[in-house]
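**Student:** Below: one structure in structure tokens.
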Amino acid sequence: MNIAVVDSGANLVAFNRMDGAALASIAIAVHKARAAVKFRRPTKAYEGAVQKSDYKHVLSLDDVIASRGGIPLVEDGKIIGGIGC
Numbered sequence: 001m002n003i004a005v006v007d008s009g010a011n012l013v014a015f016n017r018m019d020g021a022a023l024a025s026i027a028i029a030v031h032k033a034r035a036a037v038k039f040r041r042p043t044k045a046y047e048g049a050v051q052k053s054d055y056k057h058v059l060s061l062d063d064v065i066a067s068r069g070g071i072p073l074v075e076d077g078k079i080i081g082g083i084g085c
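Count the sequence shown with UniProt numbering and you get residues 1 to 85, in order.
Structure, rendered in structure tokens:
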């Protein structure tokens, strides 16, 4: 597993890669963290949306990733960062 942490501007501030984690999942973890910040919601929200036939257009948005694992970090109602794994 790879874990990425971004700040409120979606800039990578921390990253950890566990032994044996797939190299491809490095970019995926960062993408999920950034998407959670940019869209202000967990990435699993898009996973559910694209499963409904009426919401496939969501995939046309830049930087959307329709897979769980991106979580926005919220403090006092403000996005302060995000985590992706």
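Think of the CB as a built atom: it goes at the ideal place given N, C-alpha and C, for glycine as much as any other residue. Quick caveat, the model's predicted, so the values are computed rather than measured.
1) Have a look at Ala21, Ile3, Ala66, Ala22 and flag the residue whose alpha-carbon is nearest the alpha-carbon of alanine 14.
2) For residue 114 versus proline 42, is the C-beta spacing smaller than 8 Å?
3) Do you know how far the Cα of isoleucine 83 is from the Cα of arginine 17?
4) Got a sec? Which residues, its chain only, sit under 7 Å from alanine 29 by beta carbon, not counting five neighbours each side?
5) Helix, strand or coil: how does DSSP classify aspartate 54 here?
6) Using only alpha-carbon positions, find the residue among Gly48, Asp62, Ala36, Gly20 that is nearest to isoleucine 79.
**Tutor:** Taking the geometry as given:
1) On the sequence shown, position 14 is the one that residue 14 refers to. Checking every option, the nearest Cα to that of alanine 14 belongs to Ile3.
2) Limits of the chain in this structure are 1 at one end and 85 at the other, which puts residue 114 out of reach.
3) In the sequence shown, residue 17 corresponds to position 17, counting from 1. In the sequence shown, residue 83 corresponds to position 83, counting from 1. Roughly 13 Å between the two C-alpha positions.
4) As a working mapping, residue 29 is identified with position 29 in the sequence shown. So the list reads Asn2, Ile3, Ala4, Gly84, Cys85, once near-sequence residues are dropped.
5) Against the sequence shown, residue 54 aligns to sequence position 54. Residue state, collapsed to three classes: helix.
6) Start at 1 with the first residue of the sequence shown, and residue 79 comes out as number 79. Taking only the C-alpha atoms, the option nearest isoleucine 79 is Ala36.
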